[in-house]
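When we follow the UniProt record's numbering, the leftmost residue of the sequence shown carries the number 1, and every step to the right adds one.
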Amino acid sequence: MRSTLPRSLLRASRPKVGGHSALARPQFARPTFQRHASTATEAPAATSRLVNFLYGSTLLLGLGIVFVYVTDTRASVHRYIVIPALRFVYRDPEDAHHAGNHILKTLWDIGLHPRERNDLDSAKDLQAEVFGHTLRNPIATSAGIDKHADIPDPLFAIGPSIVEIGGTTPVPQPGNPKPRVFRLTSQNALINRYGLNSEGADHVAMRLRNRVRKFAHSLGLGHDEIAERAVLDGMAGVPPGSLTPGKLLAINIAKNKTTPEDDVDAVTRDYVYCVDKLGPYADILVVNVSSPNTPGLRSLQQSDKLQKILSGVVKAAGSVQRMERPKVMVKVSPDEDSEAQISGICEAVWASGVDGVIVGNTTNRRPEPLPHLHAFSPLEQQHLLETGGFSGPHLFDRTVSLVKKYRKLLTERPVDFQPVEQKPGALEAEAERVVQAQLDSNDQAKVIFATGGITNGQQALQVLNAGADVAMVYTALIYGGVGTISRIKDEMREEMRRKAPA
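Structure, rendered in structure tokens:
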């Protein structure tokens, strides 16, 4: 319908905007809407948050349980999954060994390394007194597991009281050509001919020096030479080698392959060089004259040669710039087992002032299969023809026998009888002199470490009862994984409880 009002009135009724008329429109208040909580939508959101919380908590709890399990040395995964996996991936035993060490070092660096839990050694039932130290247990790892001081701390974490690193030579040497390690899996044994491959004393000393300085820094002592000196002089309250209460670090030293064994002065200089470089960081220095894979090395076990070498090492160890000198031990071959050979070695030990003997090393002999194990496979029959040192359970009986012989000769210094004139009272006078000399002597019984074929707690107790102060493991650890030390100690405790009087 058209409006009947005059156009002038229509124009007058329009308000002007910007000089123009605008048609007025009615204004209405816009409605406002208020949102109210809806129980229909809130309930699913709360449920979702609860479910997410439960999932997250369960995941964290599961990860925590997995962490505790896989980092416990007693976890069966280490023996029955990790070791077979390494063997499967790395057909060469040496490659598998390097991979295992690398993994262990990496896990240590990020705090995920295997370790003994529950601190069972705190029970003190396995304590041992060695070189004036109260060790938490009498178990050690032998040289060869950590040749270059890459993983001493991860090894301490899996339970031994003594870790022996090396062998280390004065200057770097590559060792023998590969392949040089062979598995005899059916016998839990190995043949190796490494040939003392070493990064050299200077390189190993640098690595150990950095370890000490890092430890000093963690105590707030600094990271310089002064801090290092404080730790080495005992201000940290721990042994300067192991850096751990109740534990000791041994460093195995040897001559270079190119040093002629018939030049005893040159050989002695090799060992003394290693003492000068490595002595400050060792609780124990081990003179290796028994590796079967270095030509002529075992000839150094002849009494006269050995005495001169050991005397030089003892003198050098006494000059190490430290409050307490490192102890000196000599590592002897299981193949030097005649009465004359053992007697000659013991004479050199007493005469030189060496503190102890490590009885055993790998052997050049090839034993028969053990009756409780499988027969050698065709491949293992081929491996038996390889040159190198044999290690494994087969050596155990010989180790026990040798320990008994060495203990007999190293408990008291041999009596030095003088010729007696055939006249009245001469014999009685000589006997009195000998007795008085024994009373005046400050010589203590020598410490004996036993290594060779020890695979379980019962065997460890057997070598200790035979006269050893410490039982060492090597091949058992290669086959059993990081839980081997814990297992051996558990078996020792069980055997001790079983034999304890009711």
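Beta carbons: idealized from backbone N, C-alpha and C, even for Gly.
Keep in mind the model is a prediction, meaning the values are calculated, not measured.
Where does residue i fall in DSSP's three states?
| i | result |
| --- | --- |
| LEU196 | coil |
| LEU297 | helix |
| ARG115 | strand |
| GLN444 | coil |
| VAL171 | coil |
| GLU149 | Checking the displayed sequence, the identity of residue 149 turns out to be Ala instead of Glu. Three-state DSSP puts ALA149 in coil, outside helix and strand. |
| ARG79 | helix |
| LEU155 | helix |
| LEU23 | Low confidence applies here, because LEU23 scores a pLDDT of 47, under 50, leaving its location unreliable; read the following figure in that light. Coil. |
| SER291 | coil |
| LEU61 | helix |
| LYS408 | helix |
| ASP262 | coil |
| MET496 | helix |
| LEU221 | coil |
| GLY56 | helix |
| LYS277 | helix |
| ARG177 | Contrary to the premise, residue 177 reads as Pro rather than Arg in this sequence. PRO177: coil per DSSP, three-state reduction. |
| VAL51 | helix |
| PRO84 | helix |
| ALA375 | coil |
| ARG2 | The predicted position of ARG2 is uncertain, since its pLDDT is 49 and thus under 50; no value can be drawn from it. |
| PRO239 | coil |
For residue i, list the residues DSSP reports as bridge partners.
| i | result |
| --- | --- |
| GLU129 | THR134 |
| ARG269 | Looking at the DSSP assignment, ARG269 forms no beta bridge with any residue, so it has no partner. |
| SER401 | Looking at the DSSP assignment, SER401 forms no beta bridge with any residue, so it has no partner. |
| PHE390 | ILE191 and THR363 |
| ALA140 | ILE162 and MET472 |
| ASP72 | ARG115 |
| ILE358 | LYS331 and PHE449 |
| LEU249 | VAL163 |
Assuming residue i is part of the alpha helix (DSSP H), what are its boundary residues?
| i | result |
| --- | --- |
| GLY457 | 457-465 |
| ASN256 | Where ASN256 is concerned, there is no enclosing alpha helix (DSSP H), given that its DSSP letter is neither H nor E. |
| ILE454 | Run containing ILE454: none; DSSP gives neither H nor E here. |
| LEU232 | 225-232 |
| VAL349 | 339-352 |
| LYS109 | In the sequence as displayed, the identity of residue 109 is Asp instead of Lys. Taken as a continuous stretch (DSSP letters only), the alpha helix (DSSP H) holding ASP109 covers 93-109. |
| LEU379 | 378-383 |
So is residue i buried or exposed if we call it buried at 16+ other beta carbons inside 10 Å?
| i | result |
| --- | --- |
| HIS113 | buried |
| VAL420 | In this prediction, VAL420 scores a pLDDT of 47, lower than 50, which makes its location untrustworthy; no coordinate-derived value is stated. |
| MET472 | buried |
| SER57 | exposed |
| HIS102 | exposed |
| LYS489 | buried |
| LEU385 | exposed |
| MET329 | buried |
| ASN210 | exposed |
| HIS383 | buried |
| ILE358 | buried |
| GLU494 | exposed |
| TYR271 | buried |
| PHE67 | exposed |
| ASN194 | Position check: residue 194 holds Tyr in this sequence, whereas Asn was assumed. It is buried - the Cβ of TYR194 has at least 16 other Cβ atoms within 10 Å. |
| VAL482 | buried |
| ALA375 | exposed |
| ILE110 | exposed |
| VAL89 | exposed |
| GLY312 | buried |
| GLY360 | buried |
| ASN118 | exposed |
| ILE226 | exposed |
| LEU379 | exposed |
| THR411 | exposed |
| VAL51 | exposed |
| GLU339 | exposed |
| ILE485 | buried |
| GLN321 | exposed |
| TYR80 | exposed |
| ILE65 | exposed |
Please report the residue range of the beta strand (DSSP E) in which residue i lies.
| i | result |
| --- | --- |
| GLU164 | 162-168 |
| ARG213 | Careful: ARG213 lies outside any beta strand (DSSP E), inside the alpha helix (DSSP H) at 201-218. |
| residue 511 | In this structure the chain extends from 1 to 502, so residue 511 is not present and cannot be described. |
| LEU184 | 181-184 |
Tell me whether residue i counts as near the ligand MG, meaning its Cβ is closer than 7 Å to at least one heavy atom of that ligand.
| i | result |
| --- | --- |
| GLN462 | Within the structure as shown, the ligand MG is missing, as the structure has no ligands at all. |
Worksheet item: Taking the runs of the beta strand (DSSP E) that are 3 residues or longer, which of them lie wholly in the segment 300-337?
Response: 327-332
Discussion item. Give the list of continuous beta strand (DSSP E) stretches no shorter than 3 residues that lie fully inside the segment 465-494.
Written reply: 470-473
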